[in-house]
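**Student:** Structure provided below as C-alpha coordinates; questions to follow.
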Amino acid sequence: MSYFKEFLKHKSVGAISSSSKAMGNKMYGSLKLNEAKAVVEFGAGDGVFTTEILKLIGPNTKFFVFETNEYFYKVLKEKINDERVILINDSAEKIGDYIKKQNLNEVDYIISALPLSLIPVDIKNSIIQNSIKYLKTEGLYVQFQYTPYDYRRLKKYFKKVTLTFTLTNFPPAFLYRCYP
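Numbering (this note's numbering), first residue to last: 10 to 189.
Written out as C-alpha coordinates, the structure is:
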(Lines of atoms letter the chains of each structure in order from A and count residues from 1; the text may use other names and numbers.)
(Lines give C-alpha, C1' and ligand atoms only; values in the text may rest on other atoms or scores of the structure.)
Protein backbone atom coordinates (compact mmCIF):
# COMPACT_ATOMS: atom_id res chain seq x y z
CA MET A 1 0.00 0.00 0.00
CA SER A 2 1.25 3.48 -0.76
CA TYR A 3 1.40 6.78 1.07
CA PHE A 4 -1.24 8.10 -1.29
CA LYS A 5 -3.67 5.29 -0.40
CA GLU A 6 -3.14 5.92 3.32
CA PHE A 7 -3.64 9.64 2.69
CA LEU A 8 -7.00 8.90 1.05
CA LYS A 9 -8.06 6.40 3.75
CA HIS A 10 -7.05 8.27 6.90
CA LYS A 11 -7.54 11.92 7.78
CA SER A 12 -4.54 11.74 10.12
CA VAL A 13 -2.11 11.15 7.23
CA GLY A 14 -1.01 14.56 5.99
CA ALA A 15 1.25 13.63 3.07
CA ILE A 16 0.63 12.13 -0.35
CA SER A 17 4.15 10.74 -0.61
CA SER A 18 7.15 9.97 1.53
CA SER A 19 9.29 12.97 2.46
CA SER A 20 12.58 13.46 0.68
CA LYS A 21 15.94 12.69 2.28
CA ALA A 22 16.94 16.25 1.34
CA MET A 23 14.04 17.54 3.46
CA GLY A 24 15.21 15.38 6.33
CA ASN A 25 18.73 16.72 5.98
CA LYS A 26 17.38 20.28 6.23
CA MET A 27 15.49 19.28 9.37
CA TYR A 28 18.16 17.44 11.33
CA GLY A 29 21.42 17.60 9.37
CA SER A 30 22.82 20.43 11.51
CA LEU A 31 21.76 18.93 14.85
CA LYS A 32 24.31 17.30 17.14
CA LEU A 33 22.37 14.04 17.19
CA ASN A 34 25.49 12.00 17.98
CA GLU A 35 25.72 13.83 21.34
CA ALA A 36 22.04 13.45 22.25
CA LYS A 37 20.86 11.25 25.10
CA ALA A 38 17.31 11.16 23.76
CA VAL A 39 15.68 12.05 20.45
CA VAL A 40 11.98 11.94 19.54
CA GLU A 41 10.38 11.61 16.12
CA PHE A 42 6.68 12.40 15.74
CA GLY A 43 4.84 11.10 12.68
CA ALA A 44 7.48 8.71 11.39
CA GLY A 45 5.39 7.48 8.46
CA ASP A 46 7.33 4.89 6.46
CA GLY A 47 10.59 5.67 8.26
CA VAL A 48 12.45 7.73 5.67
CA PHE A 49 13.68 10.11 8.41
CA THR A 50 13.91 7.36 11.02
CA THR A 51 16.50 5.34 9.12
CA GLU A 52 18.62 8.44 8.45
CA ILE A 53 18.41 9.64 12.07
CA LEU A 54 19.57 6.19 13.21
CA LYS A 55 22.78 6.74 11.24
CA LEU A 56 23.40 10.01 13.10
CA ILE A 57 22.56 9.28 16.74
CA GLY A 58 25.03 7.88 19.23
CA PRO A 59 25.27 4.22 20.28
CA ASN A 60 23.54 4.92 23.61
CA THR A 61 20.93 7.40 22.42
CA LYS A 62 17.30 6.54 23.17
CA PHE A 63 15.22 7.16 20.06
CA PHE A 64 11.45 7.47 20.61
CA VAL A 65 9.56 6.98 17.34
CA PHE A 66 5.83 7.84 17.37
CA GLU A 67 3.43 6.71 14.64
CA THR A 68 -0.34 6.38 15.13
CA ASN A 69 -1.24 5.03 11.69
CA GLU A 70 -1.47 1.22 11.94
CA TYR A 71 -0.18 0.55 8.43
CA PHE A 72 2.90 2.76 8.86
CA TYR A 73 3.48 1.41 12.37
CA LYS A 74 3.64 -2.13 10.92
CA VAL A 75 6.00 -0.95 8.17
CA LEU A 76 8.28 0.59 10.81
CA LYS A 77 8.12 -2.53 12.97
CA GLU A 78 9.29 -4.66 10.04
CA LYS A 79 11.86 -2.15 8.81
CA ILE A 80 13.52 -1.00 12.07
CA ASN A 81 15.45 -3.48 14.18
CA ASP A 82 17.60 -1.37 16.47
CA GLU A 83 17.84 -1.57 20.26
CA ARG A 84 18.04 2.24 20.50
CA VAL A 85 14.53 2.60 19.06
CA ILE A 86 11.42 2.70 21.21
CA LEU A 87 8.66 2.34 18.61
CA ILE A 88 5.37 3.79 19.85
CA ASN A 89 1.90 3.34 18.34
CA ASP A 90 0.32 6.13 20.37
CA SER A 91 -0.36 9.85 20.33
CA ALA A 92 2.51 12.32 20.58
CA GLU A 93 0.53 13.88 23.45
CA LYS A 94 1.80 11.03 25.62
CA ILE A 95 5.49 11.82 25.12
CA GLY A 96 5.99 12.17 28.89
CA ASP A 97 4.66 8.69 29.67
CA TYR A 98 7.17 7.03 27.37
CA ILE A 99 10.12 9.19 28.40
CA LYS A 100 9.47 8.42 32.07
CA LYS A 101 9.27 4.68 31.32
CA GLN A 102 12.88 4.93 30.14
CA ASN A 103 13.87 6.76 33.37
CA LEU A 104 14.41 10.04 31.55
CA ASN A 105 13.12 13.52 32.35
CA GLU A 106 13.90 15.31 29.10
CA VAL A 107 14.93 14.91 25.47
CA ASP A 108 17.46 16.78 23.37
CA TYR A 109 15.52 17.02 20.12
CA ILE A 110 12.01 16.52 18.79
CA ILE A 111 11.74 16.07 15.03
CA SER A 112 8.14 16.26 13.87
CA ALA A 113 6.37 15.54 10.62
CA LEU A 114 2.95 15.64 12.27
CA PRO A 115 0.30 17.25 10.05
CA LEU A 116 -0.50 19.92 12.66
CA SER A 117 -3.14 21.58 10.48
CA LEU A 118 -5.16 18.33 10.50
CA ILE A 119 -4.99 17.78 14.26
CA PRO A 120 -7.81 19.13 16.48
CA VAL A 121 -6.75 22.29 18.32
CA ASP A 122 -6.95 20.82 21.84
CA ILE A 123 -4.78 17.83 20.90
CA LYS A 124 -2.37 20.01 18.93
CA ASN A 125 -1.97 22.36 21.91
CA SER A 126 -1.39 19.40 24.21
CA ILE A 127 1.29 17.97 21.90
CA ILE A 128 3.09 21.31 21.78
CA GLN A 129 2.84 21.90 25.54
CA ASN A 130 4.07 18.41 26.38
CA SER A 131 6.88 18.73 23.86
CA ILE A 132 8.08 21.90 25.60
CA LYS A 133 7.68 20.28 29.02
CA TYR A 134 10.01 17.40 28.11
CA LEU A 135 12.43 19.25 25.85
CA LYS A 136 15.78 20.32 27.31
CA THR A 137 16.13 24.06 27.85
CA GLU A 138 18.83 24.11 25.17
CA GLY A 139 16.93 21.59 23.02
CA LEU A 140 15.16 22.08 19.73
CA TYR A 141 11.77 21.16 18.27
CA VAL A 142 11.88 20.91 14.47
CA GLN A 143 8.61 20.72 12.53
CA PHE A 144 7.78 20.68 8.85
CA GLN A 145 4.42 21.52 7.31
CA TYR A 146 2.98 22.18 3.89
CA THR A 147 1.43 25.46 5.04
CA PRO A 148 2.51 28.22 7.44
CA TYR A 149 -0.87 27.82 9.19
CA ASP A 150 0.49 27.02 12.67
CA TYR A 151 3.31 29.57 12.76
CA ARG A 152 1.46 31.85 15.21
CA ARG A 153 0.52 28.92 17.41
CA LEU A 154 4.14 27.76 17.66
CA LYS A 155 5.29 31.34 18.36
CA LYS A 156 2.75 31.50 21.18
CA TYR A 157 4.32 28.52 22.95
CA PHE A 158 8.02 28.64 22.09
CA LYS A 159 10.43 31.45 23.02
CA LYS A 160 11.81 31.65 19.49
CA VAL A 161 10.56 30.24 16.19
CA THR A 162 12.22 30.55 12.80
CA LEU A 163 10.38 29.72 9.61
CA THR A 164 11.93 28.85 6.26
CA PHE A 165 10.56 27.49 3.01
CA THR A 166 12.20 24.68 1.08
CA LEU A 167 11.74 23.30 -2.40
CA THR A 168 13.71 20.12 -1.57
CA ASN A 169 10.53 18.15 -0.94
CA PHE A 170 7.41 17.23 -2.86
CA PRO A 171 5.30 19.06 -2.18
CA PRO A 172 7.55 21.96 -1.07
CA ALA A 173 7.37 22.60 2.67
CA PHE A 174 7.79 25.08 5.50
CA LEU A 175 10.37 24.27 8.13
CA TYR A 176 9.98 25.52 11.71
CA ARG A 177 12.83 25.56 14.23
CA CYS A 178 11.35 26.10 17.70
CA TYR A 179 13.42 26.92 20.78
CA PRO A 180 11.97 26.44 24.29
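Beta carbons are placed, not taken as given, at the ideal position from N, Cα and C, and that holds for glycine.
Kindly indicate the opening and closing residues of the alpha helix (DSSP H) around G67.
**Tutor:** Counting along the chain, G67 falls outside any alpha helix (DSSP H), and DSSP gives it neither H nor E.
**Student:** Taking the beta strand (DSSP E) that E147 falls in, what are its first and last residues?
**Tutor:** Per DSSP, E147 belongs to the beta strand (DSSP E) from 144 to 154.
**Student:** So G52 and E87 are supposed to be a Cβ contact under 8 angstroms. How far apart are they, rounded?
**Tutor:** At roughly 18 angstroms, the Cβ-Cβ gap does not stay under 8 angstroms, so G52 and E87 are not in contact.
**Student:** From this set, K164, T177, L65, which residue's C-alpha is nearest N43's C-alpha?
**Tutor:** Answer by Cα proximity: L65.
**Student:** Check each candidate in S121, L96, I128, N69 and name the one with the smallest Cα separation from Y82.
**Tutor:** It is L96 whose Cα lies nearest to the Cα of Y82.
**Student:** Report the residue from S126, K169, R162 whose alpha carbon sits nearest the alpha carbon of G148.
**Tutor:** For the residues S126, K169, R162, the minimum Cα distance to G148 belongs to K169.
**Student:** Report the option in V57, Y143, S135, T175 whose CA atom is closest to the CA atom of Y118.
**Tutor:** Here the closest residue by C-alpha is Y143.
**Student:** Beta-carbon within less than 7 angstroms of D159's beta-carbon, same chain only, minus the 5 sequence neighbours each way: which residues are those?
**Tutor:** L125, S126, listed in sequence order.
**Student:** Can you have a look at G38 and say buried or exposed, based on whether 16 or more other CB atoms are within 10 angstroms of its CB?
**Tutor:** With fewer than 16 Cβ atoms within 10 Å of its Cβ, G38 is classed as exposed.
**Student:** Considering only residues of the same chain and omitting the five flanking positions on each side of G105, which have a CB-CB separation below 8 angstroms?
**Tutor:** Taken in chain order, the residues that qualify are N139, K142, Y143.
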